[in-house]
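Sequences listed follow chains A and B, in order. Numbering of the first sequence is given in UniProt numbering, commencing with residue 1 and proceeding in unit increments. Numbering of the second sequence is given in UniProt numbering, commencing with residue 1 and proceeding in unit increments. Where a beta carbon is used, it is the ideal one built from N, C-alpha and C, also for glycine. Computed from a predicted model, the values in this text were never measured in an experiment. Below is one structure; the comments refer to it alone.
There are 2 protein chains.
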Amino acid sequence: MSKLSYAIIGSGAVGGLYGAMLARAGHDVHFLCRSDYEHIRQHGWNIESHWGDFQLTDVNVYRSADDLPPCDVTILALKTVKNHLLSGLLPKPMGQSGVVLVLQNGLGVEASLSEHVGVERVFGGCCFLCSNKVGPGHIRHIDYGRIVFGPYSNSDARLDLAAKIGDELNAAGIEAQCSDDLNLVRWRKLMWNIPFNGLSVALDASTDKMIGDDNCVDLVRDIITEVHRAATACGATIDASWIEKTIDHTRSMVPYDSSMRLDFLAGREMELQAILANPIAAAKRAGVSMPKTEMLYQTLRFMQNRSNKEGSKK
Amino acid sequence: MSKLSYAIIGSGAVGGLYGAMLARAGHDVHFLCRSDYEHIRQHGWNIESHWGDFQLTDVNVYRSADDLPPCDVTILALKTVKNHLLSGLLPKPMGQSGVVLVLQNGLGVEASLSEHVGVERVFGGCCFLCSNKVGPGHIRHIDYGRIVFGPYSNSDARLDLAAKIGDELNAAGIEAQCSDDLNLVRWRKLMWNIPFNGLSVALDASTDKMIGDDNCVDLVRDIITEVHRAATACGATIDASWIEKTIDHTRSMVPYDSSMRLDFLAGREMELQAILANPIAAAKRAGVSMPKTEMLYQTLRFMQNRSNKEGSKK
């Protein structure tokens with residue numbers, strides 16, 4: 001069976017790392033890069049990873065999505081705040097028969113994409129990793145790295161393709177796990193992302209500061225409990241022990257600034273729609289209210305608006 | 001009928017202003033002062049007020065509560081965070097037959113005092129004013145000034161004494177209104193204090209910044225609605241139109257930093273117990289949950305703890 005080809009939309013800390021590892025393993029990989037295009041065309045990728053450092057030269061890099069060739073798998077690793085651009089980015093790499101693998105935070109992207117490209121062509125996954133882009137074409141991957149992913153629609157044919165992608169990722173050195181319950185995977189990640197991404201901005205605190213304060217831990221637990229209740233109502237049956245496990249796991253993490261906090265501190269748009277608004281709306285449709293999560297969203301919207309106003313004054 | 005005598009416990013922006021106005025009107029007024037004792041003993045009070053500026057010399061000022069004479073009315077205008085000191089502060093000025101008028105923020109102080117001095121000797125009230133202590137013995141009162149107060153226990157004798165106190169306050173130039181429903185007065189004030197004091201710290205924003213953002217107004221409305229529901233459950237029947245009126249009123253206010261925000265910015269203890277924890281607990285006893293108010297409290301506790309830690313490092 002021939003190796004799959006990959007397009008990488010969003011060549012940052014996630015897409016750059018995984019794409020470079022696939023290319024190193026001999027796959028045809030095509031990167032869409034905006035700001036780093038010229039640098040990567042000349043110098044390739046410089047990957048520092050706790051899985052092993054490497055350089056990758058002769059990279060297939062493109063400045064415009066229109067120049068991308070059709071690929072078997074298009075990995076979508078843009079921030080969700082850029083998703084209004086997708087209708088212009090996906091047609092060329094997805095071609096007639098390619099599929100898209102959404103490696104983005106939050107909820108709702110697969111559903112939205114399915115309406116445009118068809119449910120059978122959509123896969124999604126969650127990444128558990130600490131990785132940053134530290135310079136042009138330069139990724140520093142310091143911890144974890146696992147992808148848990150699966151088809152948005154669970155037909156046998158889709159599960160077969162997911163298994164093939166999973167085998168290729170693992171063969172390329174990426175810890176990948178295939179799941180037949182993407183909804184559950186997404187909600188379990190939200191049990192961390194909603195409290196810890198959200199409160200890290202609302203409280204201006206890294207994980208260790210949050211976990212070190214009893215009032216904050218109470219609040220984190222209340223929010224995780226809301227997310228857990230919403231997950232159940234939305235068909236994702238997660239054992240209640242994961243509420244406490246999520247807190248304990250964070251207690252043993254190294255002090256960490258969430259991606260949302262890094263975005264906010266850098267004056268970038270936060271992924272509020274995907275990580276907060278969509279789950280709140282899904283829960284509401286399922287008859288469950290999430291008052292503290294909603295307050296977190298209202299708080300972050302206020303902070304984002306203020307940040308935008310201050311940014312526009314500069 | 002002879003004029004009542006007054007003791008002032010907490011000679012700051014509230015106690016200093018009202019006490020000085022009562023003394024100017026010829027009442028026997030006795031001030032307990034800590035930090036400003038020496039200054040006031042020598043120079044008296046310097047009152048700047050939109051009701052009229054004045055100086056007051058030959059002030060009866062005391063450094064220790066043990067030196068205060070028994071007075072008819074002891075006005076309690078300390079911050080509630082100092083209330084653990086009350087058992088040492090009240091016995092001398094209240095004497096055998098004096099009463100206490102609690103002009104503090106929040107909920108629960110009258111109930112707690114009643115257990116110690118007897119329900120018949122407790123009055124309470126809310127102050128609606130913009131006033132600051134800007135230097136030793138120097139008060140700047142820039143807007144409003146009304147006191148709404150009443151007996152904690154509604155016997156006829158207590159209502160008669162409240163009416164007499166009200167007449168004296170008004171005769172001294174203070175806008176005072178007597179109420180036979182102190183519980184309602186307190187909860188209506190909480191409809192402003194909880195959202196606007198609390199969020200001004202949690203969001204680091206003055207009233208105009210909050211009221212200028214739609215997400216924040218939604219959050220303010222949600223919290224006021226929780227307070228209104230709690231008030232109803234606690235026996236304070238407030239017309240629902242006050243939810244929107246409270247927002248509209250704030251919209252037309254001058255940009256204002258709440259007392260809680262000023263306390264926080266100055267590194268002082270915030271009145272979280274009286275303004276947030278006690279109302280949440282009262283609502284809970286009445287079977288009503290206040291999730292967003294509770295989250296606000298959890299957030300502010302986290303911020304207070306962090307501030308205390310940072311303060312102790314200096």
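Residues that DSSP places opposite residue i in a beta bridge
{"i": "N308(A)", "result": "N308(A) is not bridged to any residue."}
{"i": "A7(B)", "result": "H30(B), T74(B)"}
{"i": "K92(B)", "result": "K92(B) is not bridged to any residue."}
{"i": "D143(B)", "result": "C130(B)"}
{"i": "E48(A)", "result": "R140(A)"}
{"i": "Y62(B)", "result": "L32(B)"}
{"i": "C178(A)", "result": "F149(A)"}
{"i": "F123(A)", "result": "L101(A), P151(A)"}
{"i": "L219(B)", "result": "Its beta-bridge partners do not exist; DSSP assigns none."}
{"i": "L56(A)", "result": "W45(A)"}
{"i": "G135(A)", "result": "H138(A)"}
Proximal residues of chain B, C-beta to C-beta of residue i below 8 Å
{"i": "D58(A)", "result": "By Cβ distance, chain B contributes nothing, its closest Cβ being about 48 Å from D58(A), past 8 Å."}
Residues that residue i contacts on chain A, provided the C-beta gap is smaller than 7 Å
{"i": "P291(B)", "result": "P291, K292"}
Proximal residues of chain B, C-beta to C-beta of residue i below 7 Å
{"i": "F302(A)", "result": "L203, D213, N215, C216"}
Spatial neighbours of residue i in its chain, beta-carbon cut-off 6 Å, leaving aside the 5 residues before and after
{"i": "M303(B)", "result": "none"}
{"i": "L76(A)", "result": "I9, V100, V102"}
{"i": "Q104(A)", "result": "T80"}
{"i": "D28(B)", "result": "S5"}
{"i": "C216(B)", "result": "M210"}
{"i": "residue 315(B)", "result": "With chain B represented from 1 up to 314, any question about residue 315(B) goes unanswered, as that position is not in the structure."}
Cutoff 9 Å: residue i Cβ touching any chain B Cβ
{"i": "L296(A)", "result": "yes"}
{"i": "R306(A)", "result": "yes"}
Residue-level contact to chain A via CB, residue i, 9 Å cutoff
{"i": "T246(B)", "result": "no"}
{"i": "T299(B)", "result": "yes"}
Cβ neighbours of residue i in the same chain (closer than 7 Å, five flanking residues each side left out)
{"i": "L107(B)", "result": "R186, L190, A274, N278, P279, A282"}
{"i": "residue 315(A)", "result": "Outside the shown range of chain A (1 to 314) lies residue 315(A), about which nothing can therefore be said."}
{"i": "Y297(B)", "result": "L272, L276, A277, I280"}
{"i": "residue 315(A)", "result": "Look at the range of chain A in this structure, 1 to 314, and you will see that residue 315(A) is not part of it."}
{"i": "Y18(A)", "result": "I75, I174"}
{"i": "I194(B)", "result": "I223, V227, I275, L276, P279, T293"}
{"i": "P69(B)", "result": "H30"}
{"i": "C126(A)", "result": "V148, V185, R186, K189"}
Proximal residues to residue i (C-beta, below 8 Å), its chain only, five neighbours per side dropped
{"i": "L85(B)", "result": "L78"}
{"i": "A202(B)", "result": "L296, T299, L300, M303"}
{"i": "V122(B)", "result": "V99, V100, V102, E110, L113, S114, P151, Y152, S153"}
{"i": "Q177(B)", "result": "R146, I147, V148, F149, G166"}
{"i": "residue 315(A)", "result": "The requested residue 315(A) does not occur in the structure, where chain A is confined to residues 1 to 314."}
Anything in the segment 210 to 228 of chain B with a Cβ closer than 7 Å to a Cβ of chain A? List those residues in chain order, please. D213, N215, C216, D218, L219
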